[in-house]
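Everything below concerns the one structure shown next.
Numbering (this note's numbering), first residue to last: 18 to 374.
Next comes the structure, spelled out in structure tokens:
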């Protein structure tokens with residue numbers, strides 16, 4: 018069996034990838050497409066783009082330069098036809114209009130200049146968009162590359178979700194063990210002592226029962242607090258829209274809430290949406306020093322979209338522990354996406370998209 022040798026793995030310099038990324042962003046802007054991140058295609062794709070972009074750029078540039086140059090030359094030679102050698106053609110090319118008198122100069126020569134200028138005006142954007150589409154096509158990952166990157170991202174997010182889940186379970190166990198369980202043990206001990214003293218010292222029994230009652234109420238408060246961190250009861254009672262209304266009303270920042278028609282949303286998605294908005298409002302108050310926030314929640318097909326914008330100082334940095342990392346972990350665990358735009362001086366916008374089919 019004839020086997021073909023495998024293509025060697027090439028290492029593309031970082032400068033070439035950065036250059037390709039800049040060209041891809043410019044192409045996206047020209048085509049009015051959403052901006053993409055850094056170019057992450059194989060080395061052979063980058064080298065292919067370098068060659069194709071060079072060739073098409075030269076060819077398209079020469080075509081535009083030919084048309085524009087001929088238009089400029091025509092505009093210069095037409096009014097000066099009488100000072101040029103006999104047989105001169107407008108535009109300086111063999112296909113140009115021969116200038117033999119004022120009649121041909123003012124009619125055919127002017128018409129040629131106008132046609133060439135119009136052709137240049139129409140052709141340059143068309144060739145620029147064609148060149149941009151070629152750039153986007155060559156620098157976009159193939160279906161196999163997109164799938165591989167998607168699998169890697171899902172594997173990473175699932176591992177992070179499992180780690181976060183384990184940490185959350187340990188936190189819940191610690192809260193229940195150190196808080197609620199300790200209080201219930203104290204209640205049991207007081208009730209046991211009270212039962213022993215029931216026929217001897219009614220005053221002590223009454224005091225123990227009162228302490229047991231107070232400790233039971235404190236244990237219930239702690240238990241509700243733990244439950245609230247797992248799944249807010251307000252979601253079960255009032256749904257996502259009602260829970261967000263209560264959250265906005267209790268926010269430390271003046272909050273405008275816009276909730277569209279959401280339909281039926283899975284409980285896990287509701288919880289992530291609730292905690293995401295709660296964390297974003299907390300960040301706006303604590304870190305962004307905002308005075309007003311706007312929360313928009315809408316549904317488009319099988320995607321739930323969340324946008325939280327504040328008028329604070331901006332400059333949000335995930336490495337400084339502003340809560341964005343927690344938001345990202347929650348959202349990525351459900352195969353969602355997070356976009357943060359926070360330039361210095363503000364405003365800060367956190368956009369989240371969650372699957373809710």
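We put the CB at the ideal spot given by N, CA and C, even for glycine. Keep in mind that this is a model prediction, so the values were computed, not measured.
Reduced DSSP category for residue i - H, G, I as helix; E, B as strand; rest coil
i, result
"residue 310", "strand"
"residue 368", "strand"
"residue 70", "helix"
"residue 281", "coil"
"residue 48", "coil"
"residue 322", "strand"
"residue 304", "coil"
"residue 169", "helix"
C-alpha distance - residue i paired with residue j, whole-angstrom precision
i, j, result
"residue 71", "residue 130", "30 Å"
"residue 331", "residue 170", "28 Å"
"residue 62", "residue 34", "11 Å"
"residue 324", "residue 67", "38 Å"
"residue 272", "residue 201", "40 Å"
"residue 276", "residue 210", "55 Å"
"residue 348", "residue 137", "49 Å"
"residue 333", "residue 60", "34 Å"
"residue 157", "residue 366", "27 Å"
"residue 40", "residue 148", "11 Å"
"residue 155", "residue 42", "13 Å"
"residue 291", "residue 263", "11 Å"
"residue 223", "residue 234", "17 Å"
"residue 212", "residue 256", "45 Å"
"residue 110", "residue 135", "Low confidence applies to residue 110: its pLDDT is 48, below 50, so where it sits in the model is not reliable, and the reading given next is rough at best. Each residue's Cα considered, the two are about 18 Å apart."
"residue 369", "residue 322", "6 Å"
Rounded distance between the beta-carbons of residue j and residue i, thought under 8 Å
i, j, result
"residue 166", "residue 48", "Going by Cβ atoms, the distance from residue 166 to residue 48 rounds to 22 Å, so no, they are not a contact pair."
"residue 280", "residue 313", "Between residue 313 and residue 280 the Cβ distance is about 16 Å, and since that is not below 8 Å, they are no contact."
"residue 95", "residue 126", "4 Å"
For residue i, the first and last residue of its enclosing alpha helix (DSSP H)
i, result
"residue 138", "127–156"
"residue 272", "Not the alpha helix (DSSP H): residue 272 falls in the beta strand (DSSP E), residues 271–276."
"residue 262", "250–266"
"residue 343", "341–350"
Beta-carbon proximity list for residue i, same chain, < 6 Å, skipping 5 on both sides
i, result
"residue 207", "225, 228, 229"
"residue 269", "302"
"residue 345", "355"
"residue 153", "44"
Contacting residues, own chain, Cβ-Cβ under 8 Å from residue i (five flanking each side not counted)
i, result
"residue 151", "69, 70, 73"
"residue 199", "none"
Contact test: residue i Cβ vs the ligand NAD heavy atom, cutoff 7 Å
i, result
"residue 71", "The model depicted lacks the ligand NAD and carries no ligand whatsoever."
Contacting residues, own chain, Cβ-Cβ under 7 Å from residue i (five flanking each side not counted)
i, result
"residue 266", "none"
"residue 128", "none"
"residue 283", "373"
"residue 203", "232"
"residue 37", "56, 63, 66, 156"
Boundaries of the beta strand (DSSP E) in which residue i is found, first to last residue
i, result
"residue 355", "354–358"
Residue i at chain C interface by Cβ criterion, 8 Å
i, result
"residue 262", "Although the question refers to chain C, the structure presented lacks it and comprises just one protein chain."
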